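In my numbering, the protein residues as written are -14 to 344.
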């Protein structure tokens, strides 16, 4: 076993994969054919050169599930994401999203489905972007107030505090796209791909296309995440129960307002607003990150049209966001404009001129 001091040095410098290269799995250098779509399915040496669990735990505490961990490599925390005293632009936008959804639901009987669906899906996806803004410390310095502002869930997708903890773990950039240490990775280790049956492989292949990500992606995301969380809680990880209880209360309140107050059938709401809202939100994550040996080359820039930039709160400028994660959405474009050449050089030209490139 390597000395703890060596392991600590590797973790501190972010070179854990290189340090553990001699312990790589035999097939660590193998890759699968690239599938059509945003990401390849198999991870390569980015993540498969991992220390044995015994060695890893001898140096640090680490939870793959995404809890905030004591690690020697720098990790994003809530303390890193401070904001101005009050960001009224974000507060107004939160109000506009809820008012739009309320108007659609209240008037659902007199509005055509072809109006409810695009407007409702856009508002629901924008709410997801606002949740992302909140977990990074906006729009006030009072965390509980921020989270109360986005408490009502339009999509019934994820418990907010679980999303917060997992996403902050995702901001440990050295681990980006790693299927073991990045909780938002769409990659698989080679042995996991080899062990998948034909049905699972077919679903993965479909989900790696944009159409598949939008069509079955919400269902795949919910089934995978919810089942993993339930298994973890059943195994005794009770710290996440509070997040799920809050999520249940939020969902129950949304259902009461939709069905009890507005009289809209729940299936109609879910089909026209909630599910397509998740589908739209997944467009951004479809091409956010790619596997690359250099960590700086893993994060994209999408110079999107205003309608997409607003939907994703400029998070399409994803390198800018990972570089300055505490910067508010309405300040990101100015930062990107000032640093555009440097950011494009940094990510090795991983740039799209708009989401039309993938549609």
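A virtual CB, placed ideally from N, CA and C, is assigned to each residue, including glycine. All figures in this text were calculated on a predicted structure; none of them were measured in a lab.
Give the straight-line distance between the Cα atoms of residue 332 and residue 96, rounded to the nearest whole angstrom. 45 Å
Checklist line | Alpha-carbon to alpha-carbon, residue 186 and residue 178 | finding: 7 Å
Just mark residue 226 as buried or exposed, buried being the case when its beta carbon has 16 or more other beta carbons within 10 Å. exposed
If you reduce the DSSP assignment to three classes, tell me which class residue 286 lands in. Correct three-state label for residue 286: strand.
(Q) For residue 47 and residue 167, I'd like the C-alpha separation in whole angstroms. (A) Since pLDDT at residue 47 reaches only 30, below the 50 mark, its modelled position is unreliable, and no value is offered.
Q. Bridge partners of residue 71, per DSSP?
A. 125
### Counted within 10 angstroms of its Cβ, other Cβ atoms place residue 175 as buried (16 or more) or exposed
buried
Kindly say whether residue 152, judged by its beta-carbon, lies nearer than 8 Å to any beta-carbon of chain B.
-> No chain B appears in the structure shown, which is made up of a single protein chain.
* To do: Please go through the same chain and pick out, in chain order, the residues whose beta-carbon is closer than 6 Å to the beta-carbon of residue 269, but skip the five residues on each side of it.
  => 297
TODO: Pull up the distance between the alpha-carbon of residue 337 and that of residue 287, whole angstroms please.
DONE: 5 Å
Q: Give the straight-line distance between the Cα atoms of residue 432 and residue 274, rounded to the nearest whole angstrom.
A: The structure shown does not extend to residue 432, since the chain is modelled only from -14 to 344, so the question has no answer here.
Which one of 89, 142 and 118 has the shortest CA to CA distance from residue 263?
142
Other residues of its chain near residue 201: CB distance less than 8 Å, five sequence neighbours each side excluded
188, 191 and 192
- Beta-carbon proximity check, residue 285 vs residue 335, cutoff 8 Å: In contact: residue 285 and residue 335 (Cβ atoms closer than 8 Å).
message: For residue 279, count the other beta carbons within 10 Å of its own beta carbon; 16 or more makes it buried, fewer makes it exposed. Which is it?
response: exposed
Query - Assigned secondary structure, residue 337 (DSSP; H/G/I helix, E/B strand, else coil) - result: strand
Rounded distance between the beta-carbons of residue 199 and residue 267, thought under 8 Å
6 Å
Item to check | For residue 239, the first and last residue of its enclosing alpha helix (DSSP H) | outcome: 226 to 240
Kindly indicate which residue of 130, 132, 137 and 118 has the alpha-carbon position closest to the one of residue 83.
Proximity to residue 83 across 130, 132, 137 and 118 peaks at 137, based on C-alpha coordinates.
Have a look at the DSSP bridge pairing and note the partners of residue 307.
-> None, per the DSSP bridge assignment.
Within 8 Å, do at least three Cβ pairs link the region 235 to 242 to the region 205 to 225?
no
>> Taking a contact to mean a Cβ-Cβ separation below 8 Å, would you say residue 76 touches residue 120 in this structure?
In response: For the pair residue 76 and residue 120, the CB atoms are not nearer than the 8 Å cut-off.
DSSP three-state assignment for residue 38, whether helix, strand or coil: Low confidence applies here, because residue 38 scores a pLDDT of 32, under 50, leaving its location unreliable; read the following figure in that light. Helix.
| task | Just mark residue 306 as buried or exposed, buried being the case when its beta carbon has 16 or more other beta carbons within 10 Å. | result | Of the other Cβ atoms in all chains shown, 16 or more fall within 10 Å of the Cβ of residue 306; this residue is therefore buried.
### Task
Measure the alpha-carbon distance for residue 327 versus residue 302 and round it to whole angstroms.
For residue 327 and residue 302, the distance between alpha carbons rounds to 13 Å.
query = Quick one: is residue 330 buried, meaning 16 or more other Cβ sit within 10 Å of its Cβ, or exposed?
reply = By the 10 Å Cβ count, residue 330 comes out exposed.
message = Considering only their Cβ atoms, is the gap separating residue 94 from residue 139 smaller than 8 Å?
response = no
For this session: Mark residue 160 as exposed unless 16 or more other C-beta atoms lie within 10 angstroms of its C-beta, in which case mark it buried.
Result: Residue 160 sits buried, since 16 or more C-beta atoms from the chains shown fall within 10 Å of its C-beta.
query: Secondary structure at residue 188, three-state DSSP: helix, strand or coil?
result: helix
- Own chain, CB closer than 6 Å to residue 112, minus 5 neighbours either side, in chain order: 82 and 139
### Task
Classify residue 223 as buried or exposed, calling it buried when 16 or more other Cβ atoms lie within 10 Å of its own Cβ.
exposed
Please report how far the alpha carbon of residue 115 lies from the alpha carbon of residue 155, in whole angstroms. 17 Å
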